[in-house]
Structures are given as C-alpha cells and as structure tokens.
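Take a look at the structure set out below.
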Amino acid sequence: MDSGGATPMTHHAALSWRAWGLIALAVAAGAALPPLLASTLVLTLLTQAAISGILATSVGALLRMSGVVSFGHATFYGIAAYLIALSIKHQWMAAEAAVVLALVVPTVLAFVLGLGIVRVPGMAFSMLTLAIGQAFHEFAVKARAVSGGDDGLAIALPPELFGLPIAVFQRPHSAFVLCWLTLAAVIFALYRVAHSRFGRITEAIRENEERARFIGYETDVPRALVLAISGLVAAIAGVLFALYNAFVSPEVLHWSLSGSALIMAIIGGPRLLWGPAFGAMVFFLVKDLAGNLTEHWQALIGLTLIVVTVLLPVGLGGSLIRLLAALRGGAAR
Amino acid sequence: MMAIQGHALTRRYGGFAALDGVDIAVPAGEIRGLIGPNGAGKSTLIDVLSGRAGKGASGRVELHGRDISALGVQQRRHAGLARSFQRTHVFPELSVVGQLEVAAMKAEAPNVDEVMHELGLGALALRRAADISYGDRRRLDLALALIGKPKVLLLDEPAAGLSMGESLALAEHLKDLVSRWGVTVLLVEHDMEVVFSICHRITVLHLGKVLAEGTPAEVRAIPEVVTAYLGSTA
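Residue numbers (numbering that gives the first Met the number 0), protein chains in the order written: chain A, 0 to 332; chain B, 0 to 233.
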C-alpha cells in the first residue's frame, strides 16, 4: 500500500516499549500474587473476578469494535459451560475435545446470529441479544431432561486435562494464575486484532458503515466476525468457569450476568482494551467490601455506575490514564 | 464512448416518483452538471446511479458499456464508480490519513499521498476528522471518493457550506484534477457560479424528469430553464 510518506496511523496508537514493559510487569505481578496471599477466600474472589473480567472484555470488545451493546453475552458464556457439562456427562468425547467444542460452537453461533442481526440498529440490536439470551436461559430452565433445570449439572471432570492435573483448574492458587494469564492473552490478542487490517476496517465500519460500503467494503461479514470474536472471548470465560466450578446451572445464561458484564465494561472504560477487565476487578472489590457491610451491595454498584456514567464517561480506566498523563505533564513542567 | 449511462431511471416512494424515467449519458472525460430546483430529483439520480436508492429504484445503469444495475454499492465502487455526499460522510474518529489508508486498502491503485497532496490535506494528516473544520471535512469527503482514481465520480454538492471563494477555488481545482486524471464527473451543485464555470454540459431536472440538456450557454438560453430554476442568476 502506498501510504506515501504520510505516517501510517490507526486510532489506537502503537504502544511504546515502556508501556509494554509496564504491561509485562502487571501480568507477572498478577501471576506472582497467589503465594503472597494467605487467604483462599481472596484468591477465590480474584479468580471469579478474572473470569468475569474475560466476559466483560468480550462485551467491551463488541462495543469498541462495532459500537453496539449486547445484553445477551451470557448466551455464549453459558453455552460453552453447558457444552462441557453435557459432553462429559454423556461421554460424547474426551474432555479436551469438549473444551474445543465449547469454544467453537458459541463462536459459530455468534457469527451466524451476527449475519442475521448486525444490520439491526442500536437499541433494537441490544433488545434482540437480550431476547435471544433469555430464550436460551428459558430452555435451560425448562428442559430439565437435558440441562437439569434449576438444579443444574455437576461436571465430573477427568483427573487430567491437557496433561495437567484437574486440580490446577480448580484450586484457587493455580486457577487464578491460569485465569489471569488467559485474561492477559485475550487482551493481547484483541490488541493485535485492533491493529490488524481487519481491525482498521471494523473501526471504519463502526464509525460510518454507509461510507465504508461506498469505499468498497462489504460490512455485514466483518460485523458478524466481530460478534464471533466477542462470542469466542465470552466462551473462553465460560470454559474457565465450568472447569473452575465443575458445576453449571441456568444462572450462567441469565440476562443479569450479561448486564453485570456490561456494567463492569462501562465502569472500567469500554474504549480501553483492558478497561472492562479493570472494571471487573473494581466490581468484585466493591461487591466484597460492601457485601461485608450490607446485603444491598448492588445499590453501591448502581451508585458507582451512575457516578462513572455521569462524571467519568471514559470509565475509571480512562480517567486513571488521564490523571497519570496530567501528573506526568505537571512533572515535566 | 459513454462513461456512464442511465436508461429509464425511476425511483418511486409509494405513488410519488422522485425520478421518472430519466435517461442520461455522460461521455468519458466530461464534467456534467446536474441542476434543478429542490425536489427535482438530482440527489435521487446520484443515489440510483451509485446503487444507494434501494428497492424502489428501477432502470439500467451502464459504466463504460457494462451493465452494473444489479451490482451493490461496493461492487460499483470496485468497477470504478465513486461518489461524495451532500452532507459530509467521513469517519469522525479516524485520522485523516488513517481513513484514506483504509480506503486505499480496497483500491487497485492506492494513491493516498497523491490525493492528500492534490487536496491539500497533508498538514491535517494526523488530525481526527471530528477535529478539523467543515471545509476540510468536505475536502476529505472528496478525497475518500478520489482514492484509487475512479473512472466516474458522482459529486453531490461538493461545495455545500463553503464560502463563494472556497467554492470557486474548489471548482477550479476539481476541473484541473479530473482533466489530468481523466475522470468523468457528474456534478450536482446549487452554486451556479461553480456549475457554469467548470461543466462541459448541463442537464436540468424538474419534477423528476429531464427538462433540458446542453452546453452552459445553451442552457442559459432556454426560457423554461430560466423560468423553472435559474431566474435572474442566468
């Protein structure tokens, strides 16, 4: 491509070596955390936060890449979890193959759904994702013979998975490291996508779909692919959830889980790749601290959401970056 | 050789025909003006030719003799038909050069540098489109259409919102550019100074039909055109 002397640029500026160093440090610090924490309870909470962080990252990725809001991402998360449970229960395949299946099916489902609904604008798209999600939830509740209904399904995992003892996936110390590193890998992968040719095209489509068509781009397939990528990330979270808890119930398909992931993304800052994951950490921190004081901890989450939406539209992550930039600017002066 | 031709082009909205059986043929290399009062069907004609008009449109569109009526907007662009819009239609959050590069990724002959140079966008290369002036966004809108050197360019009021000086400067520059690049242009414009200064021929639309066609001098001399549209401007 002849970009001609002009500096190639996407909206996301490439990261400096210093930024990469800080990121590597953050990832390593997270992975090194478990031995320093005596409390299993805290590690359990952090593991849940990391899994929810991946789910929130999937919702944030859709919002950032396509500009649309999903109220139904628990669908891909829950289907992944149920597929592992059902595959193992009925001995359809080896557990490793079940994990692959649990990643592939929600991704393909998201793509096919995407081809059907990506042209639906704004709020109608959100309502459609909500309706589709609730349809799957209702099926899980009503089809007791398949899903176990409200009682859910216990997952009889094998002693080993991918050559690792199953305890690695289930003990909070190792599970947190696994989930944390997976979260980091997901964010890195999404960073690469955002800076790829495909990422630039989806950015243009998000900004002005009609103009994108008039400069020669087919827009339905890229938008469906974004939904598929987002669905895959949600499925990764669902797989980790199923392996960690060895249990699945209709709650994993409920709209409130999708709503929580969206709240995490908004609190953290959906325009940042790591913002939704940061929001998940804040969400669980508030939930834990407030939960010790009152059973109405959701009210505090709601208050946090209102404050962030009204006063910090770029989210806590975006505000943190602005604050650091201001401090750096002040120091430079 | 006709660069672009439309036969019996019609666009209906229920019982109302915004465009009613229009025939138009623009030879290669020509700048054709398209004028008429509001509601005459000018933008609708551009929409029908570019594939934007939707299912209520009918008629045949040919690009250099090839029937492109069944093609979508993307395929028409690949075939060499580009357009700009009445209201600026850019990518607000992308940098100027960023969006031109995205457009160039689809072009057979990417020419980002050349287009930026021709339209004087170099100094704005790294600015977000949302942060540049309206006049600059109009030039960016035109630049997006010029990426890949299209064979035919449909311009829907490229000078809208510009001052008279800016309009005339843009018109002269456009005339020079399309002449050098060999691009055929169909230009919708309300600014008669612009139209009469750069167009080889002019088609006048009125109530969805062709009222007249000719050189600028011929059009000025047609009493119906003066009555319907030009008035004292002529």
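Where is the CB? At the ideal position from N, CA and C, for every residue including glycine.
Fill in: Buried/exposed call for A:G4, threshold 16 Cβ in 10 Å
Residue numbering aside, residue 4 of chain A sits at position 5 when the first sequence is read from its first letter. With a pLDDT of only 36 at A:G4, under 50, the local geometry of the prediction cannot be trusted, and no value is derived from it.
Worksheet item: When you compare only the Cα positions, how much space is there between B:A16 and B:D22?
Response: Within the second sequence, numbered from 1, the residue matching residue 16 of chain B stands at position 17. Within the second sequence, numbered from 1, the residue matching residue 22 of chain B stands at position 23. Our two residues, B:A16 and B:D22, have alpha carbons roughly 15 Å apart in a direct line.
Worksheet entry | Pairwise C-alpha distance: A:G215 and B:E234 | The requested residue 234 of chain B is not part of the displayed model; chain B covers only 0 to 233.
Discussion item. Can you check whether the C-beta of B:Q85 is within less than 8 Å of a C-beta belonging to chain A?
Written reply: The residue given as residue 85 of chain B occupies position 86 in the second sequence. No, no contact with chain A.
Discussion item. Can you list, in chain order, the residues of its chain with a C-beta nearer than 7 Å to that of A:E95? Leave out the 5 residues immediately preceding and following it.
Written reply: On the first sequence, position 96 is the one that residue 95 of chain A refers to. The residues are L160, F161.
Worksheet item: Which partner residues of B:K208 appear in the DSSP bridge assignment?
Response: On the second sequence, position 209 is the one that residue 208 of chain B refers to. Beta-bridge analysis with DSSP links B:K208 to B:H205.
Item to complete: Kindly give me the distance between the Cβ atoms of A:L239 and A:T181, rounded to whole angstroms, as I take these residues to be in contact under 8 Å.
Response: Residue mapping note: residue 239 of chain A aligns to position 240 of the first sequence, counting from 1. Residue mapping note: residue 181 of chain A aligns to position 182 of the first sequence, counting from 1. Indeed they touch by this definition, with Cβ atoms about 6 Å apart.
Item to complete: Could you tell me the distance, in whole angstroms, from the CA atom of A:L40 to the CA atom of A:T46?
Response: Along the first sequence, one-based indexing puts residue 40 of chain A at 41. Along the first sequence, one-based indexing puts residue 46 of chain A at 47. Looking at the two C-alpha atoms, the distance is approximately 10 Å.
Item to complete: Count the CB pairs spanning the region 110–119 of chain A and the region 257–266 of chain A that are closer than 8 Å, and state whether there are at least three.
Response: Flag = no, the region 110–119 of chain A and the region 257–266 of chain A do not touch.
Practice prompt. State the CB to CB distance for the pair B:L169 and B:L161, rounded to an integer number of angstroms; the pair is presumed to be in contact (CB under 8 Å).
Written response: What you label residue 169 of chain B is simply residue 170 of the second sequence in a count that begins at 1. What you label residue 161 of chain B is simply residue 162 of the second sequence in a count that begins at 1. Sure, about 7 Å apart at Cβ, within 8 Å.
Worksheet entry | C-beta contact flag for B:R86 and B:L118 at 8 Å | Within the second sequence, the letter at position 87 stands for residue 86 of chain B. Within the second sequence, the letter at position 119 stands for residue 118 of chain B. The answer is no: Cβ separation not under 8 Å.
Worksheet item: DSSP three-state call for A:F135: helix, strand or coil?
Response: Within the first sequence, the letter at position 136 stands for residue 135 of chain A. If DSSP states are grouped into helix, strand and coil, A:F135 belongs with the helices.
Fill in: chain B contact residues for A:N291, given Cβ-Cβ distances below 7 Å
Residue mapping note: residue 291 of chain A aligns to position 292 of the first sequence, counting from 1. Going along chain B, no residue has its Cβ under 7 Å from A:N291, so there is no contact; the nearest lies around 42 Å.
Fill in: Interface residues of the region 207–219 of chain A facing chain B [CB-CB below 9 Å]
Of all residues in the region 207–219 of chain A, N207, E209, R210, A211, R212, F213, I214, G215, Y216, E217, T218 have a Cβ within less than 9 Å of some Cβ in chain B.
Practice prompt. Kindly list, in the order they appear in chain B, the residues whose Cβ is closer than 8 Å to that of A:I200.
Written response: Numbered from its first residue, the first sequence carries residue 200 of chain A at position 201. Under a criterion of Cβ atoms nearer than 8 Å, the residues of chain B adjacent to A:I200 are, in order, V101, M104.
Fill in: Beta-carbon separation (whole angstroms), A:T106 vs A:S69, contact threshold 8 Å
Locating residue 106 of chain A in the first sequence gives position 107, counting from the first residue. Locating residue 69 of chain A in the first sequence gives position 70, counting from the first residue. About 15 Å; that fails the 8 Å criterion.
Worksheet item: With 8 Å set as the bound, which would you pick, yes or no: does the beta-carbon of A:R196 sit closer than that to a beta-carbon of chain B?
Response: Walking along the first sequence from the start, residue 196 of chain A turns up at place 197. A:R196 belongs to the set of residues whose beta carbon lies under 8 Å from a beta carbon in chain B.
Discussion item. Given this structure, state the Cα-to-Cα distance separating A:A324 from A:V313, to the nearest angstrom.
Written reply: In the first sequence, counting from the first residue as 1, residue 324 of chain A sits at position 325. In the first sequence, counting from the first residue as 1, residue 313 of chain A sits at position 314. In a straight line, the C-alpha of A:A324 is about 14 Å away from that of A:V313.
Fill in: Contact belief for A:A55 with A:V247 at Cβ below 8 Å, rounded distance in angstroms
Taking the first residue of the first sequence as 1, we reach residue 55 of chain A at position 56. Taking the first residue of the first sequence as 1, we reach residue 247 of chain A at position 248. A:A55 to A:V247, Cβ: 20 Å. No contact.
Discussion item. Restricting to Cα atoms, I'd like to know which of A:G267, A:W273, A:E294 is closest to A:V307.
Written reply: Start at 1 with the first residue of the first sequence, and residue 307 of chain A comes out as number 308. It is A:G267 whose Cα lies nearest to the Cα of A:V307.
Discussion item. Assuming contact is defined by CB atoms lying nearer than 8 Å, are A:S230 and A:V251 in contact in what I supplied?
Written reply: Against the first sequence, residue 230 of chain A aligns to sequence position 231. Against the first sequence, residue 251 of chain A aligns to sequence position 252. The identity of residue 230 of chain A in the sequence shown is Gly, whereas the question assumes Ser. The answer is no: Cβ separation not under 8 Å.
Discussion item. Short of 7 Å in beta carbon distance, which residues of its chain neighbour A:A174, apart from the five on each side in sequence? Order them along the chain.
Written reply: Against the first sequence, residue 174 of chain A aligns to sequence position 175. Counting only Cβ-Cβ distances below 7 Å, and skipping sequence neighbours, we find T46, F168, Y243.
Item to complete: Output the boundary residues of the beta strand (DSSP E) element that contains B:M1.
Response: Position 2 of the second sequence, counted from the first residue, corresponds to residue 1 of chain B. Unbroken beta strand (DSSP E) run through B:M1: 1–12.
Fill in: A:A60 beta carbon less than 8 Å from that of A:L271
Working through the first sequence from its first residue, we reach residue 271 of chain A at position 272. Working through the first sequence from its first residue, we reach residue 60 of chain A at position 61. No; because the gap between Cβ atoms is not below 8 Å, this pair is not in contact.
Item to complete: Assuming B:G20 contacts B:L48 (C-beta within less than 8 Å), just tell me the rounded distance between them.
Response: In the second sequence, counting from the first residue as 1, residue 20 of chain B sits at position 21. In the second sequence, counting from the first residue as 1, residue 48 of chain B sits at position 49. No, B:G20 and B:L48 are not in contact; Cβ-Cβ is about 15 Å, not under 8 Å.
Worksheet item: Is it true that the CB of B:D135 sits closer than 8 Å to the CB of B:L123?
Response: Taking the first residue of the second sequence as 1, we reach residue 123 of chain B at position 124. Taking the first residue of the second sequence as 1, we reach residue 135 of chain B at position 136. Yes, Cβ-Cβ distance for B:L123 and B:D135 is below 8 Å.
Fill in: 8 Å Cβ cutoff, B:R82 in contact with chain A
Translated into positions along the second sequence, residue 82 of chain B becomes position 83. Taking Cβ atoms only, chain A reaches closer than 8 Å to B:R82, which makes this a yes.
Fill in: Straight-line gap, B:A39 to A:I186 (C-alpha atoms, nearest Å)
Numbered from its first residue, the second sequence carries residue 39 of chain B at position 40. Numbered from its first residue, the first sequence carries residue 186 of chain A at position 187. Rounded to the nearest whole angstrom, the CA to CA distance from B:A39 to A:I186 is 53 Å.
Discussion item. If contacts are defined as beta-carbon pairs under 8 Å, then A:L200 and B:V194 qualify, I think. What distance do you get, rounded to the angstrom?
Written reply: Within the first sequence, numbered from 1, the residue matching residue 200 of chain A stands at position 201. Within the second sequence, numbered from 1, the residue matching residue 194 of chain B stands at position 195. In the sequence as presented, Leu is not what sits at residue 200 of chain A; that position holds Ile. The distance from the Cβ of A:I200 to that of B:V194 is about 36 Å, inconsistent with a contact at the 8 Å cut-off.
Practice prompt. Quick one: residues in its chain with C-beta nearer than 8 Å to the C-beta of A:W296, no 5 flanking neighbours on either side, listed in chain order?
Written response: For the purposes of this step, residue 296 of chain A is taken as the residue at position 297 of the first sequence. The residues are V285, K286, A289, G290.
Worksheet item: Leaving out the 5 sequence neighbours to the left and right, which residues in its chain are closer than 6 Å to A:I50 when beta-carbon positions are compared?
Response: Stepping through the first sequence from its first residue, residue 50 of chain A is reached at position 51. Result list for A:I50: C178, A236, L239, F240, in chain order.
Discussion item. Distance check for A:A227 and A:P221, CA to CA, integer angstroms please.
Written reply: Taking the first residue of the first sequence as position 1, residue 221 of chain A is located at position 222. Taking the first residue of the first sequence as position 1, residue 227 of chain A is located at position 228. A direct Cα-to-Cα measurement between A:P221 and A:A227 gives close to 10 Å.
Fill in: Beta-ladder partner(s) of B:D66, from DSSP
Position 67 of the second sequence holds residue 66 of chain B. B:E61.
Worksheet entry | Contacts around B:D150, its chain only, beta-carbon distance under 6 Å, and the 5 residues preceding and following it disregarded | Position 151 of the second sequence, counted from the start, is the residue given in the question as residue 150 of chain B. Sequence check: residue 150 of chain B is Lys here, not Asp. The beta carbon of B:K150 sits closer than 6 Å to those of G79, all from its chain and outside the five residues before and after it, given in chain order.
Worksheet item: Would B:T232 be called buried (16 or more neighbouring beta carbons within 10 Å of its own) or exposed?
Response: Walking along the second sequence from the start, residue 232 of chain B turns up at place 233. Any reading at B:T232 needs caution, since the residue's pLDDT is 48, under 50, leaving its predicted position unreliable; the model's value is listed next. Exposed, because fewer than 16 other Cβ atoms sit within 10 Å of the Cβ of B:T232.
Item to complete: Please confirm if A:A203 has its CB atom under 8 Å from at least one CB of chain B.
Response: Your numbering for residue 203 of chain A matches position 204 in the first sequence. At least one chain B Cβ lies under 8 Å of A:A203.
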